[in-house]
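Note sheet for the following structure.
Put into structure tokens, the structure is as follows:
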């Protein structure tokens, strides 16, 4: 694929070098035209080096890609005028064939214009730590990946927010860098929602009737710097809107269902939908097949011409070795192109097979209110595809993160964070706040598709997370905002998972600080021998914030299996109708107020203890041990709440607990491949609905017992737990079935627990 891409580069270079030099061009004493010298002055530093904000290419292929896209990416205004980069090779020719020539330098390039060219050294500017972080993500990309999917409502978000005038160059036929890929939830998941961007300089793809695609040289970067280049990678969106499976097949029913989904997500009045009158799926597929067949015929014709030219030279001009070599090379490329086009036809026709699922075989037209943009699409009934995109972006360098359920945000929006430590604005804010222990951030959200900043939500809130440094550990924290007039707004902070979290509806400069007039908790959580004692004052301080959740964080640098809390303090939390979250190294457990009330009522003592830890098989009941005696694991997790050594967590009295379990999947697997499984005292097995969030497996239960982690594919046939599974419930699957479904793929909570 790289060779085919570079052949385009060769052709462009040849076109550029054949452009006649401007008549009467002024030439300086070095024989360089003033126009060429002016360009060099723009791109070279005082040492005569070309400065590129990019990692140094690792090999010839990467250097070729950088040269192909570098001028139009880094210097588009000069690219418009015909300036170009080309690699330094072992040939004087601008015609670069990777199978014949070799790039001889990764630290210099040729800059050319018309018939002039000059080799210049390159200075690569980038952050080595960011480069290392980016590599961790890009190493996960599948080797055979051609594009990332932009599906369903993600594509609607792109259609509504993308302003093509931002990217289109009136003098050239494609945008320089299209943001389509940055709307892809698939890509964002691979990048862990960090603010790495992917810009594609299209070499292929189009705004087809039922497909929007951009494929070409992909530039992955952070800020204004490129950290990774990829050949022939991009994004693709099939024009499909999914609706519930029980939707009727009539035109009216399908339109109503599609509009309902779009309106619920993006807001009413932004799109209109009607049946497409002049487009049929059958004719569309037939036209594509005919077009691809014609390309195959043309490729065959060119191959025949190559063969004829070779035979002619051998017969009539046998000394023309250069011409013979050229046509031999063309023949080889023609043979490869023919095979490529044949394979592409099969691949493409398979890729539009989604049209066969179109409800009623109908096609529709979607129009954007206030614009002339219209898009053809089909409607497919599929409950499994009814996902609603959510917005999240985390800064790769500072770990400051933003999330919102509001659909007002273009999905390509990236967070921009600057740690403000000096300057006029910083001095003004510090004078107003008069705090000593603080950290100030300028937080912005920028959308490339809008070429603008998202500053405010008309409806909804942003959740902002700021990592807590050691200077803030154990402190009563608050976030301050100071407006232009010096007025101060305080934002309540929730401390959870090592982050200070607050809500806002707009972005500006925020200061995380120790609350004025406050002090650290009167007492600290004491840890001794794997046991933690949470004092009443710690719970009281954590309850002071105006939040529905009280969060207690047990020091995570120590192994803690038992957490003891005063019953009176737990009762106060329950009476306030708040939940209680206890964070440990093993897991995070959140108990709702109903569950807390149940425990307080059952408690016959001054303290209750949460025990959550790994246990050996021998700690299980005899039936459980019998059921798992041949299992390929020897560690499980047990959780329970006791008062005076008496278990009081057989059930939660209608309350619930949410457990967030850090878990590292096996090699080749991802978190979403796993399911939580409950093992009752009789060795029976039940599935628990499981979600994935922030690198954790998250599940909700109504009693404590023993739980394990299993590959979903291995336990798909076992029953789901009832609404209130009881310890010892013997209904459902017999114990022997556990062996059959778990032996191949079960792990337990702590088997591959994430390292802190």
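Numbering (my numbering), first residue to last: 18 to 773.
Backbone N, C-alpha and C define an ideal beta-carbon position, used for all residues, glycine too.
None of the values given here were measured: they were computed from a predicted structure.
What's the C-alpha gap between residue 237 and residue 580? 45 Å
Should residue 626 be labelled buried (16 or more other beta-carbon atoms within 10 Å of its own) or exposed? buried
Report all residues from its chain with a CB closer than 6 Å to the CB of residue 341; omit the five preceding and five following residues, and keep chain order. 330
I'd like the list of long-range same chain contacts for residue 79, defined as Cβ closer than 7 Å, with 5 residues on each side in sequence excluded. 246
Just to confirm before moving on: does the CB-CB distance between residue 703 and residue 738 stay below 8 Å? yes
Are the Cβ atoms of residue 495 and residue 460 separated by less than 8 Å? no
Return yes when the Cβ of residue 394 is within less than 8 Å of the Cβ of residue 258, no when it is not. yes
Say the cut is 7 Å; is the CB of residue 674 nearer than that to a heavy atom of the ligand PLP? The ligand PLP is absent from the structure shown, which contains no ligand whatsoever.
At a cut of 8 Å, does the segment 365-383 reach the segment 304-313 through at least three beta carbon pairs? yes
Can you tell which of 256, 104, 385, 527 has its C-alpha closest to the C-alpha of residue 396? Comparing Cα positions, the closest option is 256.
Cα-Cα, which of 135, 532, 103 is closest to residue 49? 135
Same chain, Cβ closer than 7 Å to residue 202, neighbours up to 5 away in sequence not counted: 171, 406
Simplified DSSP state of residue 741, which is helix, strand or coil: Residue confidence for residue 741 is low, a pLDDT of 39 falling below 50, so the modelled location carries little weight and cannot support an answer.
What would DSSP say about residue 489, mapped onto helix, strand or coil? helix
Taking contact to mean at least 3 C-beta pairs separated by less than 8 Å, is the segment 470-483 in contact with the segment 440-453? The segment 470-483 is not in contact with the segment 440-453.
Considering only the beta carbon of each residue, do residue 121 and residue 107 sit closer than 8 Å? yes
Buried or exposed: residue 159, going by 16 or more other Cβ atoms within 10 Å of its Cβ? Residue 159 should be labelled exposed.
Please look up how many angstroms separate the CB atoms of residue 620 and residue 665, rounded, as I've assumed it's under 8 Å. 6 Å
Flag this pair as touching only if the segment 83-93 and the segment 141-155 have three or more C-beta atom pairs under 8 Å; answer yes or no. No: the two stretches stay apart, fewer than three of their Cβ pairs being nearer than 8 Å.
Does the distance from the C-beta atom of residue 590 to that of residue 606 stay below 8 Å? no
Own chain residues within Cβ distance below 8 Å of residue 225, not counting five before or after: Within the same chain, residue 225 has no close Cβ partners at all.
Residues in the same chain with beta-carbon distance under 7 Å from residue 326, minus the five sequence neighbours each way, listed in chain order, please. 344
DSSP state of residue 18, grouped into three classes? The pLDDT assigned to residue 18 is 39, lower than 50, so where the model puts this residue is not dependable, and the model offers no usable value.
Candidates 262, 216, 99, 150: closest to residue 402 by CA position: 262
Close-in-space but distant-in-sequence residues of the same chain around residue 525 (CB under 7 Å, 5 per side omitted): The beta carbon of residue 525 sits closer than 7 Å to the beta carbons of 498 from its chain, once the five residues preceding and following it are set aside; these are given in chain order.
According to the neighbour-count rule (16 or more other Cβ atoms, all chains shown, within 10 Å of its Cβ), is residue 723 buried or exposed? Buried is the call here.
How would you write the range of the alpha helix (DSSP H) that residue 75 sits in, first residue to last? Neither: residue 75 is in no alpha helix (DSSP H) and is coded neither H nor E.
Where residue 350 and residue 371 are concerned, what is the direct C-alpha to C-alpha distance, given to the nearest angstrom? 33 Å
Go through the segment 564-621 residue by residue and report every complete run of the alpha helix (DSSP H) that reaches 4 residues or more, in order. Segments of the alpha helix (DSSP H) lying fully in the segment 564-621: 584-592, 610-619.
Counted within 10 angstroms of its Cβ, other Cβ atoms place residue 55 as buried (16 or more) or exposed: exposed
Neighbour-count burial assignment, residue 378, 16 or more Cβ in a 10 Å radius: So residue 378 counts as exposed.
For residue 745 and residue 639, what's the separation of their Cα atoms in angstroms? With a pLDDT of only 38 at residue 745, under 50, the local geometry of the prediction cannot be trusted, and the value read off the model is given with reservation. Residue 639 has its alpha-carbon roughly 12 Å from the corresponding atom of residue 745.
Is it the case that the segment 421-437 contacts the segment 290-306, given that we only count it when at least three CB pairs across the two stretches are under 8 Å? no
Taking only the alpha-carbon atoms, compute the straight-line gap between residue 101 and residue 215 and give it to the nearest angstrom. 22 Å
Candidates 602, 547, 583: which alpha carbon is nearest residue 573's? 602
Of the residues 248, 637, 582, which one's Cα is nearest the Cα of residue 616? 582
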